[in-house]
Amino acid sequence: MAAPEGLFVLEGRPTAQLIADQLREQIVQGTFRPGQQINESLLASQLRTSRGPLREALQRLCQEGILVSHRNRGVFVLELATADVKEIYAVRESVELAAAKILLDAGRQEINDTCEVLKGIIGDMAKQVAVSDWQAIARLDMEFHTAFVAGAGNTRLIRIYKTLAAESRMCILNLEVAYPRVDVLVQEHQNILDLLEAGDRKGLQHAVKRHMQKGVEDLTASRQDIDITA
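The opening position of the sequence shown corresponds to residue 2 in my numbering, with each subsequent residue numbered one higher.
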């Protein structure tokens, strides 16, 4: 198997964490496709590293669920089915609702600080929507939600959400048609921001739930269309 085109190269002596972070980003960007086997020997050569830190990095990504290890077969990129999409978005909803509660209970300064970060991301998102840059839109979409959760300051919620965000980007980038409502994408995120800024607890909870529900509908509808035409 040839090395995937555009594969990163790390200088010096990369740590397992650095390799895992870079490999995760390449997976969610589609450099490694769903179901593709990871060639450990080739990847170690490409990264100019020994097999030890690479294996540790692969184990970390397997623990996150982004890679799947099959005994006597090797390590493969996760293939996401419709059931996986529903599970991912259900957990995302729970984490974001918990983050919203913590944020609204924390006080005005924490809310203001989070809103400032979210405003910048929405501004960047609007620019990428205008030019239909799917990679950038997916990245900024998840960056918005990750920043929203990070605003709560709960390290365990943040750690959980990073894996969910990576899996969500895999879903989105494998199906560019996953943004059928791209014209209202910025508006939906702006609505969440406005409700947070206003301290509207019930409104924010409803907006988060609705946003996740629509995400599942968009992704599963796209998958059904592909199944029918395949």
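Note that the Cβ used here is the ideal one computed from N, Cα and C, for glycine as well.
I89 is bridged by DSSP to nothing; it lacks a bridge partner. A buried status is given to Q129, since no fewer than 16 other beta-carbon atoms sit within 10 Å of its beta-carbon. The shortest C-alpha to C-alpha distance from L79 to any of D85, E88, K87 and V69 is the one to V69. Taking C-beta atoms under 8 Å as the contact rule, L197 and C116 qualify, at a distance of about 6 Å. A Cβ-Cβ contact shorter than 9 Å links S169 with I89.
In the structure shown, G36 falls within a coil segment according to DSSP collapsed to helix, strand and coil. No Cβ-Cβ contact shorter than 9 Å links V217 with V118.
When DSSP reads this structure, S70 sits in a beta bridge with V76.
When Cβ pairs closer than 8 Å are counted between the two stretches, the stretch 208 to 215 is seen not to touch the stretch 155 to 167, the count staying below three.
Minimum Cα-Cα distance from I20 among the listed residues T32, I173, E189 and L44 corresponds to L44. When secondary structure is reduced to three states using DSSP, L81 falls in the coil class, being assigned neither helix nor strand. Within a 10 Å sphere around the beta-carbon of G152 sit 16 or more other beta-carbons, which makes this residue buried.
Taking C-beta separations shorter than 6 Å and ignoring five residues to either side along the sequence, the partners of V76 in its chain run I39, L59, L68 and S70, following chain order. For the pair A222 and L174, the CB atoms are not nearer than the 9 Å cut-off. A residue is called buried once 16 or more other Cβ atoms fall within 10 Å of its Cβ, and D134, having fewer, is exposed. Around the Cβ of R49, a 10 Å sphere holds fewer than 16 other Cβ atoms; the residue is exposed.
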